[in-house]
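Trainee:
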Amino acid sequence: MANLVSPGVQVKEIDLTNVVPSVSSTIGAMAGAFTWGPANEITTVTSETQLVEKFGQPDANTFESVLSAAQFLSYGNNLKVVRAVGTSARNATASGTGILTQNKTVFDGQSPAATDYVQARHPGVKGNAVGVSFATAGQTMTAWQAGNVESAPGTSAGAAAVGGSNDEIHVWVYDADGSITGTIGEVLEYWTYLSQASDVKSSDGSTLYYKDVINQGSNWIFAGNHKSTLTKAGQSATSNAFVTVATFFVDLTGGVDDNVLTVGETTAGYALMADAETVDTNLIFQANSGLSASDNITLSNFITAQAAARKDAVGFVSPERAATVGAAAPATSVATWRTGCTSTSYGFGDSGSLYVYDKYNDVYRWIAAAGSMAGLAANADLVADAWFSPAGFTRGNVRNVTKLAWNPNQAERDALYKTGVNPVVTFPGQGTLLFGDKTLQAKPSAFDRINVRRLFIVLEKAVSTASKASLFEFNDEFTRAQFRNMVEPFLRDVQGRRGITDFKVVCDGTNNTGNIIDANKFVADIYVKPARSINFITLNFIATRTGVEFSEIAGGN
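Going by my numbering, the first residue of the sequence shown is number 6, and it counts up by one from there.
Printed below as a string of structure tokens:
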């Protein structure tokens, strides 16, 4: 603290306004198979339209991932997606040999062959439909190219020579076979008046080097090794009718799908979201139930274990598709799946598969219900709060479902619910509902209900975030009082929103003893009484004689 050495006024600010912040509780997360898009990295999407734009429409191998994600996005608007790919997947390249480049980080560390001066941005056969055209100074542009620019490329003054000149360059990416847009040669994206010299800048200081611009901004290609000349003979008119000899065109080839994922490839995608400090998510759901029974259990346990390790998320899992779709004894198969699942309050299991409409292929598909269950939890947050149950007639209506693979009756629901499997049920005239709110915790406690588990996730995440302000302060009564004054209003607010019925915060000398202080520790005990959801209703209708007073038999007023 600085001290004045002569008369004067010293002004200081002391900030005692710390509050417990609001925390997210509706962010979904999944890993699965897609036909396009960056692989092995986390991408956030906010709508089904954006999902399909980034990761492609569903096909026979990717429909469950796409449709499960779409189911979640019909309730929430924040989903983290990881595209998992097999080791046989390849990006299409100029040479046609193919190369596996999962994402830009991988591309930046690769050394592609000299012949691979351009490649598809993502793995998959979709890259085989991508064509690239370059025009440089001195080349005669085709009518097709000229329709997109004001003039042919010129020379770029002030840059080091590239191949003996300072040429500008125009670049087009187009649909080579019509499978992307439905029109052969339709332009997907283009850039004009870029430079082949790496040191050329625009007036605002941004780079004009064509490789940097393309690699940062393209949705379709990476530009690899610089090609010394961008002129070659025209291709066959059957592949590109608009090609002429004077201009360079290339169709990328060698792209390969590997979208039939093993359980190991799927879990590798989920593993990217394991770090709670760097990846904010709350609702992790399974989007691949087409596995064998044993592999499906492995995947289910991986997801719930990841949620438990993070301690700020719930893992939503489903039995394998074959357990209920066309199964002779679905109750037995689902019970077997549940027996193999780890007991944890951070897991939530459902009873089987949903039959949904795939509008992109005009067919119906069976998919895991987990994406919809996670969506219902997100919806409960949006219409109420995280500590409200997502089940029942008020908040548990499952959307976009044609039918269930298995509609358990009362006796089957009783057996399922005892083990922590939440039935999804269709009631005539009332729709399809989530009809349970148990977690996968086998031990009876408050945490065997998802609303209590998610209540504590919100409380723990919010208070722990706010507590970071106390780090490196002194463990004295001032700091402890400041902590209590920060947490208690937050808990009163949760109580007013029906999340808890009572609470107490102990943070004083009783739990911050001399030994605790000397160990540079700080302890706060926060006691809460969570609100409980109603699972069982008893209605007693009692007939009485005409002359009996109700007060005589029922008491009260």
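From the three backbone atoms N, C-alpha and C, an ideal C-beta is built for every residue, glycine too.
Which of the three DSSP states, helix, strand or coil, is assigned to Tyr-275?
Mentor: Shown here, Tyr-275 sits in a helix according to DSSP, grouped into three states.
Trainee: Do you know how far the Cα of Ser-556 is from the Cα of Asn-545?
Mentor: 16 angstroms
Trainee: So, using beta-carbon positions, are Ala-97 and Gly-260 closer together than 8 angstroms?
Mentor: yes
Trainee: Please state whether DSSP places Pro-335 in a helix, a strand or coil.
Mentor: Correct three-state label for Pro-335: helix.
Trainee: Give me the Cα-Cα distance between Asn-516 and Val-468, rounded to the nearest whole angstrom.
Mentor: Looking at the backbone, the Cα of Asn-516 and that of Val-468 are separated by about 18 angstroms.
Trainee: Which residues mark the beginning and the end of the beta strand (DSSP E) in which Gly-514 is found?
Mentor: First-last for Gly-514: undefined, no H or E at that position.
Trainee: Hey, Leu-563 and Ile-226 are a contact pair by Cβ (cut 8 angstroms); roughly how many whole angstroms apart?
Mentor: No statement about residue 563 is possible, as the shown extent of the chain runs from 6 to 562 and does not include it.
Trainee: Which whole-angstrom value describes the C-beta separation of Val-553 and Leu-496, a residue pair presumed to lie in contact below a C-beta threshold of 8 angstroms?
Mentor: Going by Cβ atoms, the distance from Val-553 to Leu-496 rounds to 47 angstroms, so no, they are not a contact pair.
Trainee: Of the residues Ala-99, Lys-408, Thr-120 and Tyr-214, which one's Cα is nearest the Cα of Gln-201?
Mentor: Tyr-214
Trainee: Could you give the C-beta distance for Cys-512 and Phe-541, rounded to a whole number, given that I count them as a contact under 8 angstroms?
Mentor: No, Cys-512 and Phe-541 are not in contact; Cβ-Cβ is about 38 angstroms, not under 8 angstroms.
Trainee: For a quick check, are the C-beta atoms of Gly-425 and Gly-354 less than 8 angstroms apart?
Mentor: Yes. Within cutoff.
Trainee: Measuring only the C-alpha atoms, how far is Ala-89 from Gly-501?
Mentor: Distance between the alpha carbons of Ala-89 and Gly-501 is about 43 angstroms.
Trainee: Should Ser-394 be labelled buried (16 or more other beta-carbon atoms within 10 Å of its own) or exposed?
Mentor: buried
Trainee: Since Tyr-195 contacts Val-176 with CB under 8 angstroms, what's their CB separation in whole angstroms?
Mentor: 6 angstroms
Trainee: Grab the span of the beta strand (DSSP E) containing Gln-124 for me, first residue to last.
Mentor: 123 to 125
Trainee: With DSSP run on the structure shown, which of helix, strand or coil describes Glu-69?
Mentor: helix
Trainee: Going by other Cβ atoms of all chains shown within 10 Å of its Cβ, with 16 needed for buried, is Val-14 buried or exposed?
Mentor: exposed
Trainee: Report yes if the CB atom of Phe-77 is closer than 8 angstroms to the CB atom of Phe-290, and no otherwise.
Mentor: yes
Trainee: Mind reading off the beta-carbon distance from Ala-44 to Asn-133? Whole number of angstroms is fine, and I expect it under 8 angstroms.
Mentor: The pair is not a contact, with the Cβ atoms about 17 angstroms apart (cut-off 8 angstroms).
Trainee: By Cβ distance below 8 angstroms, which residues in the same chain neighbour Leu-56 in space, the five residues on each side in sequence not counted?
Mentor: Val-50, Val-71, Ala-74, Ala-75, Leu-78, Leu-84 and Val-86
Trainee: What distance in whole Å lies between the Cβ atoms of Leu-288 and Ala-379, which are believed to be in contact at a cut-off of 8 angstroms?
Mentor: 4 angstroms
Trainee: Could you tell me which of Ala-292, Gly-504, Ala-334 and Leu-421 sits nearest to Asp-386, measuring between CA atoms?
Mentor: Gly-504
Trainee: Can you tell which of Asp-498, Thr-22 and Gly-136 has its C-alpha closest to the C-alpha of Ser-100?
Mentor: Gly-136
Trainee: Count the C-beta pairs between the region 398 to 406 and the region 421 to 440 that are closer than 8 angstroms, then say yes if the count reaches three, no if not.
Mentor: yes
Trainee: Can you have a look at Phe-479 and say buried or exposed, based on whether 16 or more other CB atoms are within 10 angstroms of its CB?
Mentor: exposed
Trainee: Hey, would you say Asp-263 sits closer than 8 angstroms to Ala-181, going by beta carbons?
Mentor: no
Trainee: In the DSSP assignment, find the beta strand (DSSP E) that holds Thr-349 and state where it starts and stops.
Mentor: First-last for Thr-349: undefined, no H or E at that position.
Trainee: Could you tell me whether the region 336 to 352 touches the region 361 to 373, using the rule of 3 or more Cβ pairs below 8 angstroms?
Mentor: no
Trainee: Are Gly-81 and Phe-60 touching if we call contact CB-CB under 8 angstroms?
Mentor: no
Trainee: Cα separation between Ala-38 and Thr-102?
Mentor: 23 angstroms
Trainee: What does DSSP give as the partner residues of Ile-547 in its beta bridges?
Mentor: BP columns for Ile-547 are empty, so no partner.
Trainee: Using the Cα positions of Thr-186 and Pro-117, report the straight-line distance between them to the nearest angstrom.
Mentor: One Cα belongs to Thr-186, the other to Pro-117, and the distance between them is close to 29 angstroms.
Trainee: Hey, would you say Ala-383 sits closer than 8 angstroms to Thr-120, going by beta carbons?
Mentor: In terms of Cβ geometry, Ala-383 and Thr-120 do not form a close pair [threshold 8 angstroms].
Trainee: Smallest Cα separation from Thr-484: which of Ala-524, Leu-445 and Val-528?
Mentor: Ranked by Cα distance from Thr-484, the first of Ala-524, Leu-445 and Val-528 is Val-528.
Trainee: On the three-state DSSP scale, how would you describe Thr-236?
Mentor: For Thr-236, the predicted structure reports a pLDDT of 47, less than 50, and the residue's modelled location is therefore unreliable. The matter cannot be settled from this model.
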